[in-house]
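Undergrad: Attaching a single structure in structure tokens format; questions to follow.
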Amino acid sequence: MSLQKFRAILGVMGATALTLAACAAPPAAAPAAPAAPAATEPAAPAQPTDPTGIVTREFAGSKLTLAAQTDQFVEAFRALIPKFEELSGIDVTMDELGYVDLRQKATADFVGKTANYDLITVDIVWSGEYGQNKWTVDLKPLIERDKAQLALDDILPVMWTLGSWGEGQWAYPLAGYANVLNYRTDLFEEAGVSVPKTLAELQEVATKLSRPDKGVWGIGLLGAKGPAVAQDFMAYVQQYGSSLLDENGKPAIDTEANLKALEGFKALFEAAPPDATGWWWGDRNDAFSSGKIAMMLNWSTAIKNHKNPDLNPFAEKIETAFSPLGTEAGKYGFGGWGIGINADSKNKEAAWMFIKWITSPPIQKEWVDNNGSPIRRSTLTDPELVKKYPWFPILLESYEKGDGDYRPRQPWYSKMEDVIGTEVNAYLVGQIDAKTALANMQKAALDIIK
Amino acid sequence: MLGPVLAFVLAIALAPLLFSLFISLTDYRLTDPTQAKPFVGLGNYLKAFQDKAVLETLANTVVFTVGAVTSQVLLGLALALLMSGETPFMRTLRSLAIMPLALPPLVVGLVWKALYNPQFGPVAYYLKQIGLSVDRGFLGEFTTAMPAVLVIDLWQWTPLLMIIFLAGLKSLPTEMLEAAYVDGASRTQAFFYITLPMLLPVIFIGVLLRTMNAFKVFDIIFATTGGGPGNATSVLNFHIYKVGLTFFDMGYAAALANILLFMIGVCCAFYVVLLRRQRATEF
Chain A
-17 MSLQKFRAIL GVMGATALTL AACAAPPAAA PAAPAAPAAT EPAAPAQPTD
33 PTGIVTREFA GSKLTLAAQT DQFVEAFRAL IPKFEELSGI DVTMDELGYV
83 DLRQKATADF VGKTANYDLI TVDIVWSGEY GQNKWTVDLK PLIERDKAQL
133 ALDDILPVMW TLGSWGEGQW AYPLAGYANV LNYRTDLFEE AGVSVPKTLA
183 ELQEVATKLS RPDKGVWGIG LLGAKGPAVA QDFMAYVQQY GSSLLDENGK
233 PAIDTEANLK ALEGFKALFE AAPPDATGWW WGDRNDAFSS GKIAMMLNWS
283 TAIKNHKNPD LNPFAEKIET AFSPLGTEAG KYGFGGWGIG INADSKNKEA
333 AWMFIKWITS PPIQKEWVDN NGSPIRRSTL TDPELVKKYP WFPILLESYE
383 KGDGDYRPRQ PWYSKMEDVI GTEVNAYLVG QIDAKTALAN MQKAALDIIK
Chain B
128 MLGPVLAFVL AIALAPLLFS LFISLTDYRL TDPTQAKPFV GLGNYLKAFQ
178 DKAVLETLAN TVVFTVGAVT SQVLLGLALA LLMSGETPFM RTLRSLAIMP
228 LALPPLVVGL VWKALYNPQF GPVAYYLKQI GLSVDRGFLG EFTTAMPAVL
278 VIDLWQWTPL LMIIFLAGLK SLPTEMLEAA YVDGASRTQA FFYITLPMLL
328 PVIFIGVLLR TMNAFKVFDI IFATTGGGPG NATSVLNFHI YKVGLTFFDM
378 GYAAALANIL LFMIGVCCAF YVVLLRRQRA TEF
């Protein structure tokens, strides 16, 4: 017997017992119940009002389980879930999971059809895999049905890449990340350099800022084998104006343009701490917070923490700018998370109500105030929020010129990422040369999509 | 009483093994929308021996195993001889020496990763003090990453061999040694002509145990290098983990796991034959 059936039987038994208890005749000695409530009885507490008009109590008493990646937005979930529970009467349990755990547990849940999770946060690069396997619900019909509630025009176009694949929308936009440049104003002033706008300027400025004798390097980069270096390299390729796929979506990795991009990427490491070839996201953030690096290209979701004096002693000296681009064709890296409904969930409508509510315009303010990343134009242009988060205009433009496909959102992405992450790292540490790295990537990529 | 034991062995050992053998003959991928699991015969095994990543990880596994077992046997034997004395000091020293065995390999890996850290690790600090450049650190350079990982394994597992060898030394009859010394044999001669030959069965057991474990190394690699830099420390078991739990290619991962199992089985058979021959020559 499945756990759900067991719970259902328990629930029925409990309900039956309560009904019987309620219907049972009172003991003879018991005083008669009053016919009507006394006029002096205190009034029931007022039901909280929903500013979105989305939440109903139709599913009160039901339960939702959310599998959430432990990114910054998990703080927003923590703050907002109790409010949703109060409004809807639905009990929402959030399972906070690291990236690898989330992927493994969610996949096991989908394949085993156990429906332990009703809602799952979906990384943009998982869209293809989820869509191909129909692991999550295609939200397009629901979006069409409820479009009056969704203020769809307000969601920035690039946000839809957080979950779209093929003809379907397998996750709803939840948290959009833009690749931006964070830098230390004091170190820039000291070196007499201005914010780089091109990749050539980035190289030049990073070199000028590097003062290993003082323990400060120009830039922090992700070099660790695996997803870390793969993500940074692919962002560099895109900013450079090149691509790893051709116009037909086939691997075109060992091109002259990508060779130049790879060599340029390695050259940047000359201005980074030597051990950056082994850095993950946390290592780079730590280096920035400890004053070891003067700038870094990073997801916008980290800005708020970097500007928090409790978390970063240089908070007052940190500014945000656009990512430098190599050519006019270069675009800003875009990524982030969508939220999907498990195709096997028994609570699809309740889960959809949760998604609609948490991504709605009135809730977005609280979402971003609690470290969530925005998805809506109205949020990014809200005067009150812009005053509080002055980097929002940079985010808005980065989103508008953002490309969510610089990391191929295809079912084979994880294999491709592994190959790129291994070969680029091998090149950075001098194990192979650039041409060999690109040739290896191309061969492996062709094998993967075969 | 045979029934429960048989049932236990079937459930715990044979059933998973048979299932693993079965899925290794199929193209079972969790990410396959059809979940068809088509039968591919030995296709996964043939693919493995043409897969560059597998061949690289296989070579790394052999290098790691040979390096780890050789260094640990030599050091373990030396420590066993040095610590064989029955003084209170030696007893205390032996107790301290086996402490690394009590730590989970994942914790050991993380501790050593911090020790090796080129920015704040003590190893880097002292190397800088004597004027040596650490740059990316031992774990970050493709030339030093494997030796650095081997040192971690050496630190953790040498005490196991030391204990095994020590037990062997304590169980050796003393009459032959005493007779040799009376006949004028030196300590070196006594060791090479009497102690070592008599200790060989114990050494074989130690080598067998460590070979089996070294072939399966995972935790230390996972915690320190993630198989990098490049593919310098990527071993077969780590690759199997990646194929199975990152790419979700369960059929191929099962085939790779069975190849690893077969290699360990061959090693075991080899040592067992050696052990039997050794015993045969004793009689």
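Taken in order, these protein sequences are the chains called A and B. Note that my numbering has the first sequence beginning at -17, numbered continuously upward. Note that my numbering has the second sequence beginning at 128, numbered continuously upward. Cβ atoms here follow ideal geometry from the backbone N, Cα and C, with glycine treated the same way.
Distance cutoff 7 Å, beta carbons only. Does Thr118/A sit that close to anything in chain B?
TA: For Thr118/A, the answer is no, since every Cβ of chain B falls outside 7 Å of its Cβ.
Undergrad: Name the DSSP beta bridge partners of Lys278/A, please?
TA: For clarity, residue 278/A is Met in the given sequence; the question names Lys instead. Looking at the DSSP assignment, Met278/A forms a beta bridge with Asn164/A and Gly202/A.
Undergrad: Whose CA, out of Thr361/A, Arg358/A, Glu68/A and Thr118/A, lies closest to the CA of Trp147/A?
TA: Ranking the options by Cα distance to Trp147/A, first place goes to Thr118/A.
Undergrad: Might you give, ordered along the chain, the residues of its own chain that have their beta carbon closer than 6 Å to the beta carbon of Pro178/A, omitting 5 neighbours on each side?
TA: Excluding sequence neighbours, Pro178/A sits near Leu184, Val187 and Pro306.
Undergrad: Report the neighbours of Lys369/B on chain A: residues whose CB is nearer than 8 Å to its CB, in chain order.
TA: Near Lys369/B (Cβ distances below 8 Å), the residues of chain A are Asp400.
Undergrad: Evaluate Leu293/A with the Cβ neighbour count: other Cβ atoms within 10 Å of its Cβ, from every protein chain shown; 16 or more gives buried, anything less gives exposed.
TA: Exposed: under 16 other Cβ atoms inside 10 Å.
Undergrad: Is Leu31/A helix, strand or coil when you go by DSSP?
TA: The question names Leu, but residue 31/A in the sequence shown is Thr. Of the three classes helix, strand and coil, the one that applies to Thr31/A here is coil, per DSSP.
Undergrad: Round the Cβ separation of Phe304/A and Ile402/A to the nearest angstrom and send it over; I've been treating them as touching at under 8 Å.
TA: With 8 Å as the limit, Phe304/A and Ile402/A do not qualify as a contact, their Cβ atoms being about 25 Å apart.
Undergrad: What in chain A is Cβ-close to Pro245/B, meaning under 9 Å?
TA: Per Cβ cutoff of 9 Å: Pro255, Pro256, Asp257 and Gly260.
Undergrad: Give the residues of chain A in contact with Ala350/B, contact being defined as C-beta atoms less than 9 Å apart.
TA: Ordered by position in chain A, no residue passes the 9 Å Cβ test against Ala350/B, which lies about 13 Å from the chain.
Undergrad: Does the beta carbon of Ser396/A come closer than 7 Å to any beta carbon on chain B?
TA: Ser396/A counts as touching chain B.
Undergrad: Taking just the CA atoms, how far does Gly355/B sit from Asp100/A?
TA: If I take the Cα positions, the gap works out to 37 Å.
Undergrad: Counting only the same chain and skipping the five closest in sequence on each side, list residues whose C-beta sits under 8 Å from that of Gln405/B.
TA: Contacts found: Leu327, Pro328 and Phe331.
Undergrad: Against chain A, with Cβ distances strictly below 7 Å, would Thr153/B count as a contact?
TA: Thr153/B does not count as touching chain A.
Undergrad: With distance defined between alpha-carbon atoms, name the residue in Gly80/A, Lys207/A, Lys289/A and Ile345/A nearest to Lys65/A.
TA: Residue Ile345/A is the option with its Cα nearest to Lys65/A.
Undergrad: Should the segment 278 to 291 of chain A be called in touch with the segment 112 to 129 of chain A, which here means at least 3 C-beta pairs below 8 Å?
TA: The segment 278 to 291 of chain A, when compared against the segment 112 to 129 of chain A, does not touch it at the 8 Å Cβ threshold.
Undergrad: Just to confirm the assignment, what range does the beta strand (DSSP E) spanning Gln51/A have?
TA: Start and end: Lys45 to Gln51.
Undergrad: Would you kindly check if the distance between the Cβ of Val411/A and the Cβ of Phe215/A is under 7 Å?
TA: Going by C-beta atoms, Phe215/A is not nearer than 7 Å to Val411/A.
Undergrad: Hey, how far is the Cα of Pro215/B from the Cα of Arg221/B?
TA: Each residue's Cα considered, the two are about 10 Å apart.
Undergrad: Skipping 5 residues on each side, what residues in its chain have a beta carbon closer than 7 Å to that of Thr52/A?
TA: Excluding positions up to five away in sequence, the list reads Glu78, Leu79 and Gly80.
Undergrad: How would you label Asn230/A, buried or exposed, when you count the other beta carbons within 10 angstroms and need 16 or more for buried?
TA: Under this definition Asn230/A is an exposed residue.
Undergrad: Using a Cβ distance threshold of 8 Å, determine whether the segment 274 to 284 of chain B contacts the segment 193 to 204 of chain B, with at least three qualifying pairs required.
TA: Segments in contact, yes.
Undergrad: Give me the Cα-Cα distance between Pro464/A and Ile63/A, rounded to the nearest whole angstrom.
TA: It is not possible to answer for residue 464/A, since the shown part of chain A is limited to -17 through 432.
Undergrad: Am I right that Pro209/A and Thr341/A are in contact with their C-beta atoms under 8 Å? What's the rounded C-beta distance?
TA: Their Cβ separation, rounded to whole angstroms, is 26 Å, which puts Pro209/A and Thr341/A out of contact at 8 Å.
Undergrad: Check whether the segment 385 to 401 of chain A and the segment 94 to 114 of chain A are in contact - that is, three or more C-beta pairs closer than 8 Å.
TA: The answer is yes - the segment 94 to 114 of chain A touches the segment 385 to 401 of chain A, with three or more Cβ pairs under 8 Å.
Undergrad: Using only alpha-carbon positions, find the residue among Val190/B, Tyr398/B, Leu388/B and Val393/B that is nearest to Ser147/B.
TA: Here the closest residue by C-alpha is Leu388/B.
Undergrad: Under the DSSP definition of a beta bridge, which residues are partnered with Leu133/B?
TA: DSSP, once it has assigned bridges, lists no residue as partnering Leu133/B.
Undergrad: Quick one: list the residues of chain A neighbouring Leu157/B, beta-carbon separation under 7 Å, in chain order.
TA: Those are Thr89 and Val93, listed as they occur along chain A.
Undergrad: If we cut at 7 Å on Cβ distances, does Glu149/A have a partner in chain B?
TA: No, its Cβ sits nowhere closer than 7 Å to a Cβ of chain B.
Undergrad: Considering Cα atoms alone, identify which of Val211/A, Gly158/A, Leu226/A and Glu238/A is closest to Phe251/A.
TA: Of the listed residues, the one whose Cα sits closest to Phe251/A is Val211/A.
Undergrad: Would you list the one or two residues that DSSP bridges to Ala303/A?
TA: DSSP output for Ala303/A lists Leu163/A as bridge partner(s).
Undergrad: Could I get the ranges of all uninterrupted alpha helix (DSSP H) runs contained in the segment 230 to 267 of chain B, with 4 residues as the minimum, in chain order?
TA: Segments of the alpha helix (DSSP H) lying fully in the segment 230 to 267 of chain B: 232 to 243 and 249 to 256.
Undergrad: Does DSSP classify Tyr154/A as helix, strand or coil?
TA: Three-state DSSP puts Tyr154/A in a strand.
Undergrad: Under the assumption that Val74/A contacts Phe336/A (Cβ atoms under 8 Å), give the Cβ distance between them as a whole number of angstroms.
TA: With a Cβ gap of about 7 Å, Val74/A and Phe336/A count as contacting.
Undergrad: Can you name the start and end residues of the alpha helix (DSSP H) that Ile332/B belongs to?
TA: It spans Leu323 to Phe342 - the alpha helix (DSSP H) in which Ile332/B sits, taken as one unbroken run.
Undergrad: Note the first and the last residue of the continuous beta strand (DSSP E) segment covering Tyr314/A.
TA: Its beta strand (DSSP E) spans residues Tyr314 to Ile323.
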